[in-house]
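Working notes for the structure below.
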Amino acid sequence: MLLTILNKLDNVDVLYSLKGVNQKFDRLARSIDFTQPLDLTTISSYEDDYSKIKSMFDRLCFYILPQIQHNVQCLTLDPWSMISVLSIGNYPKLHKLTLIHHKVEIADRIFCKLDGLPSECYSSIIVYLNLKVKTFNDCLWLLNGHLSQLHTLVVHVEYIHNTSKIINNKVYVSDVMHSIEYDFFVRISQAFPLLEGLTVLSTVNQQKPTNELDEHEQTFSIIKYSHLMTLDLISSHIDYSKQFLLKTSLPRLSTLGIDYEHLVNITEDFTNNTARANCANLKNIIFQGAPKGQPPL
C-alpha cells in the first residue's frame, strides 16, 4: 500500500519526506525507483512560500543528493537550482540533463566556457542534444567544436525573425523562413564531426549558391561530413540539394530524401559523376514528386 501511494508522488517529494526518518525509509528512499529521474523544478512550485522552498532545497542539496548521487540518471533543473545541484555531486550515471527556462548565455557557459574546467570533461561525451530556443541565432552559440561526439542535434525554434548578422553575415533569415548559407554548413561539419543525420528545411534560395563563391571560398568549397548517413532535403530549395550533392563529400551517405525533379536536374539525368560519387553507397532514396511508375534507383 505504501509503495502504491509513493509511486503516485513526485520523486523529490518522496525523498524529502522519507530520507532521514529511519533506516527502513532511508533504504526505500535511496532505491533506484525514487532516485533515477529527479525534477528539481517542482520545488519552485511553492512560489508563495519562499521559506518552504529554501528549506526543501537546502535539505535536498546538502543532505539528500550527496547520498543518492550515484543512482541519479535524469535531472531536470531550472536557473534557481542548477548551480547548486551540479556543484554538490558527480552523478556518474547521469545520461539526461534537462534545463528549463535558461537563457542561451547559460547554455554557452555550461557547454563551452566552464571556468576552471576543461570543457571537454562535459561536452566531449554528449551524443544527443535537444534544445528549445527563442530565435535561430541562439542555437549558433554551440557551433564552436566542443561537442565533438554529438551525433544528433534537435533544435526547436520558437520565433524566426528578420535578422542580418548571425555568423559573418552568412546566415540570412526572413519573416517566416530563412536561407542557410555555405559558411553555416561549414561550421556544422566542424562543430559536429560525428554527425550521422541532417535535415534541411528551407524553401528560400541561398543568397550565395556554391557556384557563386569567390576565389577564396572556392578553395575551401568542398565540405566533408565523414559520418553522415542520413540526409533529408525534401521540401528544401534546390540550392541545398546542389550544395550537398556537388560541393559536399558524403562518403557514408546511405539514405537520401530529395525532390525527384531536383535530383534529375542536378545529376543531369543521373549522368553527373560528382553526384554519382556521393550516391555510391546509397541504400534508400525517398522521393518527393516522383512520376507514377518511376522505377526505383
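Just so you know, we're using my numbering here: the sequence shown kicks off at 9 and counts up by one. Ideal Cβ placement from N, Cα and C applies to all residues, glycine included.
Inset, instruction - Use the C-beta contact count for T279: other C-beta atoms within 10 angstroms, 16 or more gives buried, fewer gives exposed. - result: Position 271 of the sequence shown, counted from the first residue, corresponds to residue 279. T279 is exposed by the Cβ-count criterion.
Legend entry - Any C-beta of chain B under 8 Å from that of E204: Given the protein chain composition of this structure (a single chain), no chain B is represented.
Inset, instruction - Rounded to whole angstroms, what's the CA-CA distance from L258 to N138? Just pull it up for me. - result: In the sequence shown, residue 258 corresponds to position 250, counting from 1. In the sequence shown, residue 138 corresponds to position 130, counting from 1. Each residue's alpha carbon lies about 24 Å from the other.
Inset, instruction - Report the option in Y233, H270, F252, T256 whose CA atom is closest to the CA atom of I246. - result: Locating residue 246 in the sequence shown gives position 238, counting from the first residue. Ranking the options by Cα distance to I246, first place goes to H270.
Inset, instruction - Decide if R195 is buried, meaning its Cβ has at least 16 other Cβ atoms within 10 Å, or exposed. - result: Against the sequence shown, residue 195 aligns to sequence position 187. By the 10 Å Cβ count, R195 comes out buried.
Inset, instruction - Would you kindly check if the distance between the Cβ of I242 and the Cβ of D267 is under 8 Å? - result: The residue you call residue 267 lines up with position 259 of the sequence shown. The residue you call residue 242 lines up with position 234 of the sequence shown. For D267 and I242, yes; Cβs fall inside 8 Å.
Legend entry - Three-way DSSP call (helix, strand, coil) for N98 in this model: Counting from one through the sequence shown, the residue named residue 98 turns up at place 90. N98 falls in the coil class under three-state DSSP.
Legend entry - Whole-number beta carbon distance between L254 and I231, since they are thought to touch under 8 Å: On the sequence shown, position 223 is the one that residue 231 refers to. On the sequence shown, position 246 is the one that residue 254 refers to. That belief does not hold up - the Cβ atoms of I231 and L254 are roughly 11 Å apart, past 8 Å.
Inset, instruction - Could you give the DSSP three-state label for S249: helix, strand or coil? - result: The count along the sequence shown starts at 1 and reaches residue 249 at position 241. Looking at S249 - three-state DSSP - the assignment turns out to be helix.
Inset, instruction - Could you check the C-alpha separation between D191 and Y233 for me, to the nearest Å? - result: Taking the sequence shown and counting its residues from 1, one reaches residue 191 at position 183. Taking the sequence shown and counting its residues from 1, one reaches residue 233 at position 225. One C-alpha to the other measures close to 14 Å.
Inset, instruction - Would you kindly check if the distance between the Cβ of I134 and the Cβ of L158 is under 8 Å? - result: Locating residue 158 in the sequence shown gives position 150, where the first residue counts as 1. Locating residue 134 in the sequence shown gives position 126, where the first residue counts as 1. Cβ distance < 8 Å, so L158 and I134 count as in contact.
Legend entry - Where the beta strand (DSSP E) through K60 begins and ends: The residue you call residue 60 lines up with position 52 of the sequence shown. K60 -> not in any beta strand (DSSP E); alpha helix (DSSP H) instead, spanning 58-67.
Legend entry - Contacts around F295, its chain only, beta-carbon distance under 6 Å, and the 5 residues preceding and following it disregarded: Here residue 295 refers to the residue found at position 287 when the sequence shown is read from its first residue. So the list reads Y268, once near-sequence residues are dropped.
Inset, instruction - Would you kindly work out how many angstroms separate the C-alpha atoms of L290 and N213, rounded to a whole number? - result: Here residue 290 refers to the residue found at position 282 when the sequence shown is read from its first residue. Here residue 213 refers to the residue found at position 205 when the sequence shown is read from its first residue. Taking the straight line joining both Cα atoms gives about 26 Å.
Inset, instruction - Quick one: grab the DSSP three-state call for L48. - result: Taking the sequence shown and counting its residues from 1, one reaches residue 48 at position 40. Note: L48 maps to helix in three-state DSSP.
Legend entry - Nearest candidate by alpha-carbon position, reference C69, set S92, L107, Y136: Taking the first residue of the sequence shown as 1, we reach residue 69 at position 61. Of S92, L107, Y136, the residue nearest in Cα terms is S92.
Legend entry - Under 8 Å between C-beta atoms of G205 and T256: On the sequence shown, residue 205 is found 197 positions in, with the first residue counted as 1. On the sequence shown, residue 256 is found 248 positions in, with the first residue counted as 1. No, Cβ-Cβ distance for G205 and T256 is not below 8 Å.
Inset, instruction - Let me know if Y99 comes out buried or exposed under the rule of 16 or more other beta-carbons within 10 Å of its beta-carbon. - result: For this step, residue 99 is matched to residue 91 along the sequence shown. Flag for Y99 reads buried.
Inset, instruction - On a CA-only basis, which of G265, Y71, W88 is nearest Y58? Give me that one, please. - result: Taking the sequence shown and counting its residues from 1, one reaches residue 58 at position 50. Y58 has its Cα closest to that of W88, out of G265, Y71, W88.
Inset, instruction - State the CB to CB distance for the pair I76 and M64, rounded to an integer number of angstroms; the pair is presumed to be in contact (CB under 8 Å). - result: For the purposes of this step, residue 76 is taken as residue 68 along the sequence shown, with counting starting at 1. For the purposes of this step, residue 64 is taken as residue 56 along the sequence shown, with counting starting at 1. Contact flag wrong, Cβ pair sits at about 15 Å.
Inset, instruction - State the Cα-Cα distance for the pair P74 and C287, rounded to the nearest angstrom. - result: Start at 1 with the first residue of the sequence shown, and residue 74 comes out as number 66. Start at 1 with the first residue of the sequence shown, and residue 287 comes out as number 279. C-alpha separation (whole angstroms): 53 Å.
Legend entry - Cut-off 7 Å between Cβ atoms - residues of its own chain near K178, not counting five sequence neighbours on either side: Here residue 178 refers to the residue found at position 170 of the sequence shown. In this prediction, K178 scores a pLDDT of 29, lower than 50, which makes its location untrustworthy; no coordinate-derived value is stated.
Inset, instruction - Please report the residue range of the beta strand (DSSP E) in which D86 lies. - result: Reading the sequence shown from its first residue, position 78 is the one you call residue 86. Taken as a continuous stretch (DSSP letters only), D86 belongs to no beta strand (DSSP E), as it is neither H nor E.
Legend entry - Alpha-carbon to alpha-carbon, S244 and L209: As a working mapping, residue 209 is identified with position 201 in the sequence shown. As a working mapping, residue 244 is identified with position 236 in the sequence shown. When rounded, the distance between both Cα atoms is 5 Å.
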